[in-house]
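Chemist:
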Amino acid sequence: MDIHLNNDVHWMGEALREAQKAFDKGEVPVGAVVVSGNKIIGRGHNLTEQLNDVTAHAEMQAITAAANYLGGKYLQTCTLFVTLEPCVMCAGALFWSQISRIVVAAPDAKRGFSLKGNLLHPKTVYEQGVRAEEASMLLKQFFVQMRQSKN
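Using my numbering, read the sequence shown as starting at 64 and increasing by one per residue.
#1: Where CYS150 and ASP116 are concerned, what is the direct C-alpha to C-alpha distance, given to the nearest angstrom?
#2: Indicate whether the contact test is met: 3 or more Cβ pairs, each with one atom in the region 106–120 and one in the region 134–144, closer than 8 Å.
#3: Looking at the strands, I want to know which residues DSSP matches up with LEU147.
#4: Looking only at C-alpha atoms, which of ILE126, GLY155, PHE158 sits nearest to SER99?
#5: Check for me: the beta strand (DSSP E) holding GLU190 runs from which residue to which?
#6: Between the Cα of LYS186 and the Cα atoms of ASN69, VAL97, GLN139, which residue gives the shortest distance?
#7: So, with DSSP's three-state summary, where would you put PHE205?
#8: Flag this pair as yes or no: are the beta carbons of ALA154 and LEU182 separated by less than 7 Å?
#9: Excluding sequence positions up to five away, which residues of its chain have a Cβ less than 8 Å from the Cβ of PHE158?
#10: Quick one: what's got a C-beta closer than 6 Å to MET64's C-beta in the same chain, skipping five residues either side?
#11: Please report whether the beta-carbon of VAL207 lies at a distance below 7 Å from any beta-carbon of chain C.
#12: So, ARG194 versus ALA168, is the Cβ gap smaller than 7 Å?
Structure representation (structure tokens):
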């Protein structure tokens with residue numbers, strides 16, 4: 064395993080920890096971290112239920128935290144690690160942030176931005192599949208649990 068992939072696996076592990084926080088709060092378990100200079104500068108997990116805010120996605124939380132850390136809105140030297148493919152709203156925010164790279168664990172076949180074509184900034188590198196099985200299993204477990212609690 065090369066050093067780049069090894070680092071990606073590590074940072075995705077941090078995003079998975081964020082997703083577990085969401086799971087534990089009864090939120091859809093999606094987590095995200097923004098990394099710059101081999102350091103996490105923004106973290107987030109879904110908070111839509113807790114904040115009663117449809118925009119409180121993991122990516123939005125992480126983007127805001129990273130921008131606050133940097134003191135500016137552009138994330139041109141940053142990588143976002145996120146456990147589920149961003150939705151169209153989050154892809155739009157990532158476009159405007161001019162983030163350098165996005166690494167996604169699992170695709171979102173129902174609501175992922177790629178269903179609408181490439182909505183990312185032309186300079187953004189997009190990669191998918193790092194720790195996908197773990198991210199998918201956490202999401203499946205969450206929705207099984209939700210269905211069981213409704214019965």
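Backbone N, C-alpha and C fix where the C-beta goes; we use that ideal spot for every residue, glycine too. The structure presented is a predicted model; accordingly, all values stated were derived computationally and were not measured.
Modeler: From the atom records:
#1: Here residue 150 corresponds to residue number 87 of the sequence shown, with the count starting at 1. Here residue 116 corresponds to residue number 53 of the sequence shown, with the count starting at 1. One C-alpha to the other measures close to 15 Å.
#2: Judged by Cβ distances under 8 Å, the region 106–120 makes no contact with the region 134–144, as fewer than three pairs qualify.
#3: For the purposes of this step, residue 147 is identified with residue 84 of the sequence shown, where counting begins at 1. Paired residue(s): ALA169.
#4: For this step, residue 99 is matched to residue 36 along the sequence shown. The shortest Cα separation from SER99 among ILE126, GLY155, PHE158 belongs to ILE126.
#5: As a first step, residue 190 is located in the sequence shown; it is residue number 127 there, counting from the start. Residues 188–191.
#6: Translated into the one-based positions of the sequence shown, residue 186 becomes position 123. With distances taken between Cα atoms, LYS186 lies closest to GLN139.
#7: As a first step, residue 205 is located in the sequence shown; it is residue number 142 there, counting from the start. DSSP places PHE205 in helix when its eight states are reduced to three.
#8: By one-based count along the sequence shown, residue 154 stands at place 91. By one-based count along the sequence shown, residue 182 stands at place 119. Contact flag set, yes.
#9: Counting from 1 along the sequence shown, the entry for residue 158 is found at position 95. Contacts found: LEU182, LEU183, HIS184, THR187.
#10: On the sequence shown, residue 64 is found 1 positions in, with the first residue counted as 1. Residue placement at MET64 is flagged as unreliable, the pLDDT there being 43, under the threshold of 50; the coordinate-derived value follows with that caveat. Here MET64 has no same chain residue with a Cβ atom under 6 Å from its own Cβ, once five neighbours each way along the sequence are excluded.
#11: No chain C is part of this structure, which consists of one protein chain only.
#12: In the sequence shown, counting from the first residue as 1, residue 194 sits at position 131. In the sequence shown, counting from the first residue as 1, residue 168 sits at position 105. For ARG194 and ALA168, yes; Cβs fall inside 7 Å.
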